[in-house]
Amino acid sequence: MPEDKNDVSDFKVVDRRSFAEDGSRRAPAPEAEKRSEVRQPPATAKPNALPLESRGGVESEPRTEEDYLDEGPANFATLVSYLSTTAMFQLGLLPGPGGERIPADFPNARRTIDLLEVLQQKTQGNLTEDEVRMLQEVLYELRLSFVETSQRQTRKKR
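Sequential numbering from 8 applies to the sequence shown in our numbering.
See the structure below:
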């Protein structure tokens, strides 16, 4: 905490909420519009099987509420991505929000992978070829990661 309350700093607070205090929708700030235009994938882009974080990439800025609203309605790829990212966090393969290492939680990781398997069984025959392939690839990668991580953990305990 600064000793002199009159110190001027470069810290700036910008209210980026979508709604005003009275509940009416705010117009997006021009700065936010530019940012969302940059993040929009081309219409022909194929969704990746795994989320950005699990492919080793890191977003440059924290995401805001507007970023999620700009992505459009949730879909099957979003659900699979959400569950696979959750499983990767539970396996300790992704860092926490502050960059700290998260210990593996194998029972919950197994449960999340099982949920993806249930999703695969219950949607059989109702998915596009791309969705089927994406789900198969995600399940393969998660199962492999689960086995490798649990074996590594077992070796460390010896």
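Don't be surprised by glycine CBs; every beta carbon is placed ideally from N, CA and C. This one's a predicted model, so the numbers in the text were calculated from it and none came from an experiment.
Check, Outcome
"Rounded straight-line distance, which links the Cα of residue 165 to that of residue 81", "44 Å"
"Reference residue 98, options 105, 157, 24, closest by Cα", "157"
"Buried or exposed (CB count within 10 angstroms, at least 16 for buried), residue 91", "buried"
"Residues near residue 154 in its chain [Cβ-Cβ closer than 7 Å; skip 5 each side]", "none"
"Cα-Cα separation, residue 112 to residue 29", "43 Å"
"Candidates 159, 123, 116, 31, of which the one nearest residue 143 by Cα", "123"
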